[in-house]
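A.B. asks: Position 174 (the sequence shown) corresponds to 174 in the UniProt record's numbering; numbering is contiguous. Backbone N, C-alpha and C define an ideal beta-carbon position, used for all residues, glycine too. Keep in mind the model is a prediction, meaning the values are calculated, not measured.
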Amino acid sequence: MDPEAGAELDARLEALANRVAAAKRRLGATWTEPPAPPHHGSPAQAPTAELQALQAKLQAAESSASLQAQRCSALEDRVAELEAALVGARDQRARAEAKAETARSEADRALDLLETHKHELTKAAPDPTFTEVFQSKLLEIDRLVSERDALRRSSDEWRTKARTVTRERDESTLALARTESQLQELRDRDAATKRKLDELEKRVSDQQKQLEVAERRAKHLRQHIGAAR
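1. Between the Cα of residue 49 and the Cα atoms of 200, 206 and 224, which residue gives the shortest distance?
2. Rounded to a whole number of angstroms, what is the C-alpha to C-alpha distance between residue 93 and residue 187?
3. Report the rounded CA-to-CA distance for residue 141 versus residue 97, giving the unit in angstroms.
4. Rounded to a whole number of angstroms, what is the C-alpha to C-alpha distance between residue 165 and residue 71?
5. Taking the Cβ atom as the reference point for each residue, do residue 172 and residue 79 lie within a distance shorter than 8 angstroms?
6. Do the segment 174–187 and the segment 103–117 meet, that is, are 3 or more Cβ pairs less than 8 angstroms apart?
7. Please report the distance separating the alpha-carbon of residue 155 from that of residue 181.
8. Report yes if the C-beta distance between residue 193 and residue 69 is below 8 angstroms; otherwise report no.
9. Would you call residue 74 buried or exposed, if buried means 16 or more other Cβ atoms sit within 10 Å of its Cβ?
10. Does residue 163 pass the burial test, meaning 16 or more other C-beta atoms within 10 Å, or should it be called exposed?
11. Find the nearest neighbour of residue 90 within the set 153, 161 and 99, judged by alpha-carbon distance.
12. Are the segment 97–110 and the segment 195–214 touching by the rule of at least three beta carbon pairs closer than 8 angstroms?
13. How many Å lie between residue 195 and residue 158 at the Cα?
14. Going by other Cβ atoms of all chains shown within 10 Å of its Cβ, with 16 needed for buried, is residue 53 buried or exposed?
15. What is the C-beta distance between residue 110 and residue 137, in whole angstroms, given that I count them as a contact (C-beta under 8 angstroms)?
16. Determine the closest residue to residue 85 out of 148, 219 and 168, with distance taken between C-alpha atoms.
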C-alpha cells in the first residue's frame, strides 16, 4: 500500500476515533453504559440520572394521585352520609313539629271544654264533684302543655341538628371540590412528566443509535486498514 495513502487513512481513522470518543463523553453525562446491540438479546440499557429522577417523580405523582383519589372517595362517602343524616333530621323535626301542633290543639280543646263545663256548672245546681272534675281537667291541661313544650324543645333541637349537618355537608362538599382540583393538577403533572420521560428516552435512544453507527463505521475502517496493510 502507498505510504501516503496509509498515512491519510490513519489520520482519518484517528479523527473518527476522536469523534466517537467525544460522542461517548457527551453520552456519559446522561447515560451510564451503552446496551449491547439489540440482535444479541442483551438487557436494556440502565437509565440515566435524569431518567431515574423523572421516573421517581412520576412514581411520586402517581402515588400522590392515588392518595388524593382515595381522599375524594372518602369525602364523597362523608357527603352522602351527611345528606342522609340531614334528611333524617328534617324528618324528625317535621314529626316533632306535628306532635307539638297536635299537643297544642289538644290543650286548646281541653281549655275550651273546661270553660264550657265551668260555665254550665255555674248555671246548674251546685255539684259536689265539681271541684274534683275541675282539678282533673287542670291536671290534664298541665300535662298537655308540658308535652307541647317538650315537643317544641325537641323540634328546636332537631332544627339545630339539621343546621349543623347542613354546615358539615357544605364544608365536606367544598373539601371534595378542592381535593378533586388537586387531583386534576396531579394528573396534569403526571401527564407532563410522562411526556418528558418519553422525549428523554427517545433522545437517549437516538444518541445510542448514532453511537452504534459510529462504532460500526470505526470497526469497518479498522478492518479496511488492517486488510490494506
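C.D. replies: Reading it off the structure:
1. 200
2. 44 angstroms
3. 19 angstroms
4. 20 angstroms
5. yes
6. no
7. 39 angstroms
8. no
9. exposed
10. exposed
11. 161
12. no
13. 55 angstroms
14. exposed
15. 7 angstroms
16. 168
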